[in-house]
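Chemist:
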Amino acid sequence: MAVTTTSRDGIAVITFENPPVNGMGLAVRRGLLDALAAANADDAVRGIVITGGGKVFSGGADIKEFNTPRAEQAPNLHDVIAKVEASPKPVCIAINGTALGGGLELSLGANYRVANAKAEVGLPEVKIGILPGAGGTQRLPRVVGLETALNMIVSGASVPAAKLAATALFDVVVDGDPVEAAVELLKDKIAAGGLHPRVRDRKVEHDDAEALLAWSRMGVAAASANYPAPLRCVDAVAASLKPFDAGMAIEREGFTVLLNSPESKALRHAFFGERAASKIDDIGADVQPREIRSVGVIGAGTMGGGISMNFLNAGIPVTLVETSQDALDRGLATIRRNYEASAKKGKLSDEQVEQRMGLVKPSLSYDALCDADLVIEAVYEDYAVKQAVFEKIDAVAKPGAILATNTSTLDVDRVAAFTKRPQDVLGLHFFSPANVMRLLEVVRGAQTAKDVMATAMAMAKRIRKTAVVSGVCDGFIGNRMIEQYSRQAGFLLDEGALPQQVDRAAEAFGFAMGPFRMGDLAGNDIGWAIRKRRYIEKPGMVYAKNADVLCEMGRYGQKTGKGWYDYVPGDRTPRPSAEVEAMIVRQSAAQGITRRAISDQEIVERLVYALTNEGARLLEEGIAARASDIDIVYLFGYGFPPWRGGPMFHADQVGLYNVLASMRGYARGYQGEAWAPAPLLVELADASLSFNQYVARPRADA
Ligand SMILES: NC(=O)c1ccc[n+]([C@@H]2O[C@H](COP(=O)([O-])OP(=O)(O)OC[C@H]3O[C@@H](n4cnc5c(N)ncnc54)[C@H](O)[C@@H]3O)[C@@H](O)[C@H]2O)c1
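Each number in the working numbering corresponds to the 1-based position in the sequence shown with 8 added.
1. Is the stretch 207-218 in contact with the stretch 29-39, if contact means three or more CB pairs nearer than 8 angstroms?
2. Hey, would you say the C-beta of Asn318 is under 8 angstroms away from at least one heavy atom of ligand 1?
3. When DSSP labels each residue in this structure, what does His214 get in the three-state scheme?
4. What residue does the beta strand (DSSP E) around Pro370 start on, and which one ends it?
5. Which runs of the beta strand (DSSP E) spanning at least 3 residues fall entirely within the stretch 262-327, listed in chain order?
6. For Leu668, does the count of other Cβ atoms within 10 angstroms reach 16, so buried, or fall short, so exposed?
7. Among all the DSSP beta bridges, which residues are the ones paired with Pro584?
8. Determine whether the beta carbon atoms of Asp660 and Asn700 lie at a separation below 9 angstroms.
9. To the nearest angstrom, report how far apart Pro655 and Gly354 are at their CA atoms.
10. Can you give me the C-alpha to C-alpha distance between Asp709 and Val703, rounded to a whole angstrom?
11. Considering only heavy atoms of ligand 1, does any lie closer than 8 angstroms to the CB of Leu377?
12. When every heavy atom of ligand 1 is checked, does at least one fall within less than 8 angstroms of the C-beta of Leu434?
13. Is it buried or exposed for Val550, if we count other Cβ within 10 angstroms and need 16 for buried?
14. Quick check: does the Cβ of Leu112 come within less than 8 angstroms of any heavy atom belonging to ligand 1?
15. Nearest-angstrom Cα distance between Arg707 and Arg344?
16. Only counting the same chain, and skipping five residues up and downstream in sequence, which positions put a Cβ closer than 6 angstroms to that of Ile58?
17. How far does the beta strand (DSSP E) with Cys100 in it extend, from its first residue to its last?
18. Straight-line CA distance for Leu529 to Val612?
19. With H, G and I counted as helix, E and B as strand and the rest as coil, what does DSSP make of Glu515?
20. In terms of residue numbering, what span does the alpha helix (DSSP H) encompassing Ala10 cover?
21. Tell me the rounded alpha-carbon separation between Ala693 and Ala284.
22. Once you ignore the five residues that flank Pro711 on each side, which residues in its own chain have a CB closer than 7 angstroms to its CB?
23. So for Thr23, helix, strand or coil by DSSP?
24. Taking the beta strand (DSSP E) that Asn124 falls in, what are its first and last residues?
25. Return the bridge partner residues of Val329 from the DSSP annotation.
26. Would Ile471 be called buried (16 or more neighbouring beta carbons within 10 Å of its own) or exposed?
27. Helix or strand or just coil, what does DSSP make of Phe426?
28. If the criterion is Cβ atoms closer than 9 angstroms, does the pair Ala6 and Gln431 meet it?
29. Any heavy atom of ligand 1 closer than 8 angstroms to the Cβ of Gly312?
30. What separation, rounded to the nearest whole angstrom, lies between the Cα atoms of Ala170 and Ile306?
31. Examine chain B for any beta-carbon lying closer than 9 angstroms to the beta-carbon of Trp536, and answer yes or no.
32. Specify whether the stretch 634-649 and the stretch 497-514 touch according to this definition: at least 3 beta carbon pairs, one from each stretch, less than 8 angstroms apart.
33. Starting from Glu128, trace the beta strand (DSSP E) in both directions and tell me its first and last residue.
34. Under DSSP, the alpha helix (DSSP H) around Thr59 begins and ends at which residues?
35. Below 8 angstroms, is the gap between the Cβ of Thr331 and the nearest heavy atom of ligand 1?
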């Protein structure tokens, strides 16, 4: 049952439940109104307490109902709040735990509120590009003041109730059970007689509201240029200075505009995409993950160190294995330096630094890995090296241990075959810097056991990564797509663009960094090494030559003081390079190309549709299970602009027919073979469908 009522001393205690976070779904809304009506009709009841079952009060709207008719079916949240506010008998909300969004808005409809001191309260709607639409922008400023309400609503951040104990948001904040306190409070208020207060009747007090709002608008405009929601939040909160109903009308208008904005659609797509990515279609809740109590990491280089930190942060001990004492010392020193930098910024205490360092067990012997539940290899990217390492792990790891490779490009099935337990092997592809980047590609080998996959997904949550499952292929989801993007970037230079123009266009579209600035940061020699292998393995794949020539000139990027751009020592500002421009022009001439002016629109379309087209291939091959998985990879691992929702979502918004038409145009141009459209893209465009509507066909090998 969603809603139950008990009675204490003439006070009805209504408890609503809708696991996992008591979302305000249709059954809860109906149940609450029925219970409220029954309590008001019962002569034995003098007052009403409403509380959440379990550990939370309410996480707000029920996300299971999002985008379904149930979300708006009567009664909606407005109706429920209005009935609570109009209740003839006084209502007190007992906030027993987290109260977010609609949950907090519901409480603001009541006469009184009692909270547990640790309960987190907030209005996070702005994070999905909307504003609190059930009176939150009007009622919250009336109880916590204009400035606090602005901060909470514009940032979406939640605050422990204890911090707001002195405001009119709470009548009482307790350490123990708020229901008990709510019952006592109501009994006292009823005994005292008189009217019971309503939040809507309060006035918003502020000495200099105009100055505060102007300051807030300025800050918000600068910080969220690409997002309309924060500014609309300020407008709505500003309207709380008006009479209540006039303010509510402004809130409603802002809510409707934002709900239909492309930015909010993209943010909601990402919100649901992230949740969808954590599920694997053929692995149900009945598959028990294995336990991970300790981890082994092999290789203390760039990746191994960062990977280790993830586990240390989560309190999981790590055995770190290297080939030489020197390499081990260097790796440990880097980990310590990173932690000390965090401590300097006040993010960690000195004690926490020592605690984390205390969890690393450095070793030069593979025998030290015999107890590890999970071993992650991050050694050189070479089959022979990986083979030697996996044979050694296979010999020492305990039965049931999970063996993972952090390879970026190698075949995980081939690596698995180096062991006698391929069912325990998978890829865990972390992104650099591995202690910072949220994305984790979980690579499922042909023989990887289901419980190994389930363990990897659960482990990702524990170390706060956003995991996306990829099948085995060259480059997995992210790098296989970025290769097509990089190829287009090179062709654009051949045809007439310069690095600074391409970067400017990509960054104006919203990429965190254009392809050439990115190359200079990561090191152009990394791509060079990959291409050299490609020239042998995939002779049919054509690349522009300019990136190789750049490396032959010693221009590896920031680390050599020059790359696609020039740099002055101690300054990372990219400066357009005359030498590079001359080289690019020479390369065009060598290909017999007459350079032409290329529009920013063409640049962006070619970069982004190259991603989309390869993404479509990944979908039809079953490497990615859903289009949203691909978007999550790009949003969390490749700096794709969040307000555009990812390369597949963006293409859906443009319309696949239009995307295909542009691609066909580019197919008639220079290096047009690169634009052979993925059959799935053609199929969906012809059927007027979107990637988001595409449901993967069962894999032929499944
Ligand atoms: N650097 C990146 O951006 C990145 C991103 C994702 C994945 N990867 C992958 O991660 C792996 C490691 O890359 P990296 O950048 O950390 O390399 P790195 O050169 O920085 O580190 C590799 C480390 O492995 C150690 N090592 C080599 N052989 C060993 C052995 N037999 N036993 C124990 N230690 C050994 C080396 O001493 C070195 O410290 C590669 O497979 C790479 O493709 C790298």
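Yeah, the Cβ is synthetic: ideal placement off N, Cα and C, and Gly gets one too.
These numbers come from a predicted model, not from an experiment.
Modeler: Taking the geometry as given:
1. no
2. As a first step, residue 318 must be located in the sequence shown, where it is residue number 310. Checking the Cβ of Asn318 against ligand 1 gives no.
3. The sequence position of residue 214 within the sequence shown is 206, counting from 1. In this structure, His214 counts as coil in the three-state DSSP scheme.
4. On the sequence shown, residue 370 is found 362 positions in, with the first residue counted as 1. Taken as a continuous stretch (DSSP letters only), the beta strand (DSSP E) holding Pro370 covers Val368 to Ser371.
5. 303-306
6. Mapped onto the sequence shown, residue 668 falls at position 660. Counting Cβ neighbours within 10 Å, Leu668 comes out buried, since at least 16 surround it.
7. Sequence index remark: in the sequence shown, residue 584 carries index 576 (1-based). DSSP lists Tyr573 as partners of Pro584.
8. By 1-based counting over the sequence shown, the position of residue 660 is 652. By 1-based counting over the sequence shown, the position of residue 700 is 692. A contact, by the Cβ cut-off of 9 angstroms.
9. Mapped onto the sequence shown, residue 655 falls at position 647. Mapped onto the sequence shown, residue 354 falls at position 346. Those two C-alpha atoms are separated by around 37 angstroms.
10. Here residue 709 refers to the residue found at position 701 when the sequence shown is read from its first residue. Here residue 703 refers to the residue found at position 695 when the sequence shown is read from its first residue. Low confidence applies here, because Asp709 scores a pLDDT of 46, under 50, leaving its location unreliable and the question unanswered by this model.
11. The sequence position of residue 377 within the sequence shown is 369, counting from 1. No, the beta carbon of Leu377 sits no closer than 8 angstroms to any heavy atom of ligand 1.
12. Indexing the sequence shown from 1 puts residue 434 at position 426. Because no heavy atom of ligand 1 lies under 8 angstroms away, the Cβ of Leu434 does not count as near it: no.
13. Mapped onto the sequence shown, residue 550 falls at position 542. Per the 10 Å Cβ criterion, exposed.
14. Working through the sequence shown from its first residue, we reach residue 112 at position 104. Flag unset: Cβ of Leu112 not near ligand 1.
15. For the purposes of this step, residue 707 is taken as residue 699 along the sequence shown, with counting starting at 1. For the purposes of this step, residue 344 is taken as residue 336 along the sequence shown, with counting starting at 1. Residue placement at Arg707 is flagged as unreliable, the pLDDT there being 49, under the threshold of 50; the coordinate-derived value follows with that caveat. Going from the Cα of Arg707 to the Cα of Arg344 covers about 46 angstroms.
16. Position 50 of the sequence shown holds residue 58. Here the set comprises Ile22 and Ile101.
17. Along the sequence shown, one-based indexing puts residue 100 at 92. First-last of the beta strand (DSSP E) with Cys100: Val99 to Ile103.
18. Numbered from its first residue, the sequence shown carries residue 529 at position 521. Numbered from its first residue, the sequence shown carries residue 612 at position 604. C-alpha separation (whole angstroms): 21 angstroms.
19. For the purposes of this step, residue 515 is taken as residue 507 along the sequence shown, with counting starting at 1. Reduced to three states, the DSSP call for Glu515 is helix.
20. Here residue 10 refers to the residue found at position 2 of the sequence shown. No alpha helix (DSSP H) contains Ala10, which DSSP labels as neither H nor E.
21. In the sequence shown, counting from the first residue as 1, residue 693 sits at position 685. In the sequence shown, counting from the first residue as 1, residue 284 sits at position 276. Roughly 24 angstroms separates the two Cα atoms.
22. The first residue shown for the chain is 9 and the last is 710, placing residue 711 beyond what the model contains.
23. Your numbering for residue 23 matches position 15 in the sequence shown. Strand at Thr23.
24. Along the sequence shown, read from residue 1 onward, the residue named residue 124 stands at position 116. Tyr120 to Asn124 is the span of the beta strand (DSSP E), which, as asked, contains Asn124.
25. The count along the sequence shown starts at 1 and reaches residue 329 at position 321. In DSSP, Val329 forms a bridge with Ile306 and Ser371.
26. Indexing the sequence shown from 1 puts residue 471 at position 463. That one is buried.
27. Sequence index remark: in the sequence shown, residue 426 carries index 418 (1-based). Taken through DSSP and simplified to helix, strand or coil, Phe426 comes out as coil.
28. In the structure as shown, the chain starts at 9 and stops at 710, and residue 6 therefore has no counterpart that could be examined.
29. Here residue 312 is taken as the residue at index 304 of the sequence shown, counted from 1. Checking every heavy atom of ligand 1 against the Cβ of Gly312, one is found closer than 8 angstroms.
30. Residue numbering aside, residue 170 sits at position 162 when the sequence shown is read from its first letter. Residue numbering aside, residue 306 sits at position 298 when the sequence shown is read from its first letter. When rounded, the distance between both Cα atoms is 45 angstroms.
31. No chain B is part of this structure, which consists of one protein chain only.
32. Segments in contact, no.
33. Reading the sequence shown from its first residue, position 120 is the one you call residue 128. From DSSP, the beta strand (DSSP E) with Glu128 extends over Glu128 to Gly130.
34. As a position in the sequence shown, residue 59 is number 51, starting the count at 1. It is not in any alpha helix (DSSP H) - Thr59 instead sits in the beta strand (DSSP E) that spans Gly55 to Gly60.
35. Within the sequence shown, the letter at position 323 stands for residue 331. Thr331 Cβ: within cutoff of ligand 1.
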